[in-house]
Each structure stands twice: as structure tokens, then as C-alpha cells.
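Numbering (my numbering), first residue to last: 1 to 375.
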């Protein structure tokens, strides 16, 4: 069991997707993100590890900073609540939580298997082997840091969640994600939903050509970046990762990111989706489209259809992240609460209390709200 820095000579000898990811300094292609990236080598399994010492930047991206995830991003989410009264009532609570989190240096954290994406995926054959030793080593190496794992949900990671819980990791709810079970292939239940069939017809008749990322010219990755920005940064939140054209191109070239684009007859790219997959789960951390085009063009519907078809083709589960909840429910998406599992037992009492208060607030208030409002 080793933790290797990006410039470690031993890392240069490894050829896994995780090793290439760390070696390429992947975080340098994300405009609003600062962290140190290392590789955890467990022998059979290798995983990127993000390391933050706290205070890197006030708006450090939520994929490495729980301070942003649970305060800055929460402020943005308040603006999208259907009830303005509820948003007004929650605003002081969010401000108070942010003060507590900042004072407890909650962004001083090490996160294992962090691919710097909205959703991290875990190998299905890794159910926590070596966790005891890893927990001891991380406590010794990072005595002032919390450490843990993001993007865990009971449907996909039940055994790992239970293993982490048994080792004393704290379960901190993060969001509600939507899963589509494509393991039955063409017979998968979600493909029979009325809206899914309508989306399939729209994609077939739209006139767009579906092309793979390998066909893109070097300069077209700037268009891909722009389409992602239109949706995730301009429409949703500037706290989402600012992936650069160079980062997208590198991911496509290295093979851990698989892009599909919708190309019009004119040659213009109007939509893009990027897949990240484990051996059993597919995710779509990159989605973007030209939001200036009429809604009737149904670009998001077409991109969604591509994802649902791909999951069924690969006989995988699709983790379609959070957001657009009603849209995903209409197509058969099943909600799951996602958790971060964080080890804090070695931290000073005040920091432990803040972490536990955060977990209790999210479990007692955040999770019921997500379920009740179907967020």
C-alpha cells in the first residue's frame, strides 16, 4: 500500500487509468480547483487521492472542498427551491453552517478515489479490502486532516458503506442522485417509459449526427468546453468544475473520458455528453448544449437518450447525478441519497463536533427535504 506523488518515479512505471490521470496533473486543467493529487496504489486497485490543507481559495470547487459543497453550493441551491418562503427561512441556517464549517477548517481534507468529478465511481470488486491498514496510514500521515470517500450510495456501494461505518467513518449526506438500471439490456424497465420512447423518436428524427470524441478536431474541444459552460456554469452554478478544453481533450485521449457530440448538418456541434465508467456503473460528468437554441430542439432530451441507451448497451447501472429531478423521474430514474464517509476520530474535539453537527443537520433536515421536495 503506497501513496505516490505525481512526480514519484514509481508512478511513472504504472499504466492504469488512475496513474495516467495523476501523472497528467489532471487538476491543472480545472480552472476553479486547487489541490494536490496523488495516487493510492493498493496493488490490484489504484485510485487518485486529492489532498487539501485548507484555505486554497475561497471558491475552491466542491469536488475537493466540503466547505464549498455544504455552504457555497447550498447558497446557490437555495435560489432553485420551488418555495421562496422556504429559501428565505433556510438562508440564515446556511450562513450559520458556513461560519461553523470555516472555523473548523472543514476544507482540510484528504479524499480517496477522487477523480475530481461530480460523481466518483468505485471498482465493483473493491469492497474495502485493506481499509483497516489504509485508515491507520492516513491517520499517521495526515494527523490534522479529515479523510474519506465521496459519492457513495446504498444501491451501488452498500457493502463498502457498511465496511466504512464499521470502521467508525461518519456518514455525511450530500445530495440525491438518480439511478437507471440498465443491466437487463434492451429489456431494461426504464426504456419502456413513455418519455424515454419519445426521446428515442426525437433523437432519431432530429437530423443530428452522433459522433464520438475521437472524430473531434483539436480546435473543436473549445466548442465542447463552451457548451458545458453554458449549462453547468451559466445556468446552474459557477461553483461547478471549470473543465478546460485541454482537460477534456486529455481525458478523451487517455480513454477515461468518452465524449459523444450532436453535430448539425452545418458541421456545428450543438450538444455534448461525456461518460466516465467503472466496470459496472456509467456516469455522465460532462453534459452541455447550446442553450440559445429553441427548447423544442430537445437537446437535453437527446443527450439523455444517448446515456440511457449506452447504459443498456453495456448492461450497466447509470448514475445520472443530481438535478433535473422531475425530468429524470419521468424516465424511470430511481432516487438514492448519496453520502461522503469521513474519518474524524483523530481530530480535536471542536472539529469533531462541527462534523457531527453537519451530519446531523443534513440527516435530520437535508435528507427529508430532498425526499419531500423530490430534489
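No residue lacks a Cβ here, since even glycine has one placed at the ideal position from N, Cα and C.
Item, Value
"What three-state label does DSSP hand residue 126 in the structure shown?", "coil"
"Does the distance from the CB of residue 358 to the CB of residue 64 come in under 8 angstroms?", "no"
"For the stretch 252-264 against the stretch 196-216, do three or more pairs of beta-carbon atoms, one drawn from each stretch, fall closer than 8 angstroms, so that the two count as touching?", "yes"
"Using the C-alpha atoms, what's the distance from residue 170 back to residue 135?", "13 angstroms"
"Ignore the nearest five residues each way along the sequence and tell me which others in residue 249's own chain have a CB closer than 6 angstroms to its CB.", "221"
"Output the boundary residues of the alpha helix (DSSP H) element that contains residue 63.", "Careful: residue 63 lies outside any alpha helix (DSSP H) and carries neither H nor E."
"Can you list, in chain order, the residues of its chain with a C-beta nearer than 8 angstroms to that of residue 12? Leave out the 5 residues immediately preceding and following it.", "23"
"Taking the C-alpha atoms as reference points, what is the distance between residue 148 and residue 290?", "37 angstroms"
"Across which residues does DSSP place residue 281 in a beta bridge pair?", "317"
"Between which two residues does the beta strand (DSSP E) harbouring residue 335 extend?", "334-343"
"Between residue 354 and chain C, is the shortest Cβ-Cβ distance under 8 angstroms, so that the two count as touching?", "Among the chains in the structure shown there is no chain C, since it carries only a single protein chain."
"What ranges does the beta strand (DSSP E) occupy inside the stretch 73-132, keeping only unbroken runs of at least 3 residues that lie completely in it?", "108-112"
"Using a threshold of 8 angstroms, state whether the C-beta atoms of residue 152 and residue 310 are closer than that.", "no"
"Rounded to a whole number of angstroms, what is the C-alpha to C-alpha distance between residue 150 and residue 15?", "24 angstroms"
"Along the beta strand (DSSP E) that carries residue 36, what are the first and last residues, could you check?", "36-41"
"Can you list, in chain order, the residues of its chain whose CB lies under 8 angstroms from that of residue 3, leaving out five sequence neighbours each side?", "38, 39, 40, 41, 49, 137 and 141"
"Restricting to Cα atoms, I'd like to know which of 70, 240 and 112 is closest to residue 228.", "240"
"Cβ atoms of residue 18 and residue 44: under 8 angstroms apart, would you say?", "no"
"Which residue comes first and which comes last in the alpha helix (DSSP H) that contains residue 48?", "It is not in any alpha helix (DSSP H) - residue 48 instead sits in the beta strand (DSSP E) that spans 46-53."
"Along the chain, where does the alpha helix (DSSP H) that runs through residue 251 open and close?", "245-254"
"With which residues is residue 173 paired in a DSSP beta bridge?", "339"
"Please identify the residue among 367, 146, 157 and 197 whose C-alpha is closest to the C-alpha of residue 344.", "146"
"For residue 364, which residues in the same chain have their Cβ closer than 8 angstroms to its Cβ, ignoring the five residues on either side in sequence?", "none"
"Pick from 348, 368, 361 and 342: whose alpha carbon is nearest that of residue 168?", "342"
"Which value, in whole angstroms, describes the spacing of the CA atoms of residue 1 and residue 8?", "15 angstroms"
"Give the range of the beta strand (DSSP E) segment to which residue 376 is assigned.", "The structure shown does not extend to residue 376, since the chain is modelled only from 1 through 375, so no value can be given for it."
"Tell me which residues share the same chain as residue 242 and place their Cβ nearer than 8 angstroms to its Cβ, disregarding the 5 neighbours each side in the sequence.", "30, 31, 32, 33, 61, 229 and 233"
"List the residues that DSSP assigns as beta-bridge partners of residue 271.", "262 and 289"
"What residue ranges within the stretch 166-228 form continuous alpha helix (DSSP H) runs of no fewer than 4 residues, ordered along the chain?", "194-205 and 221-228"
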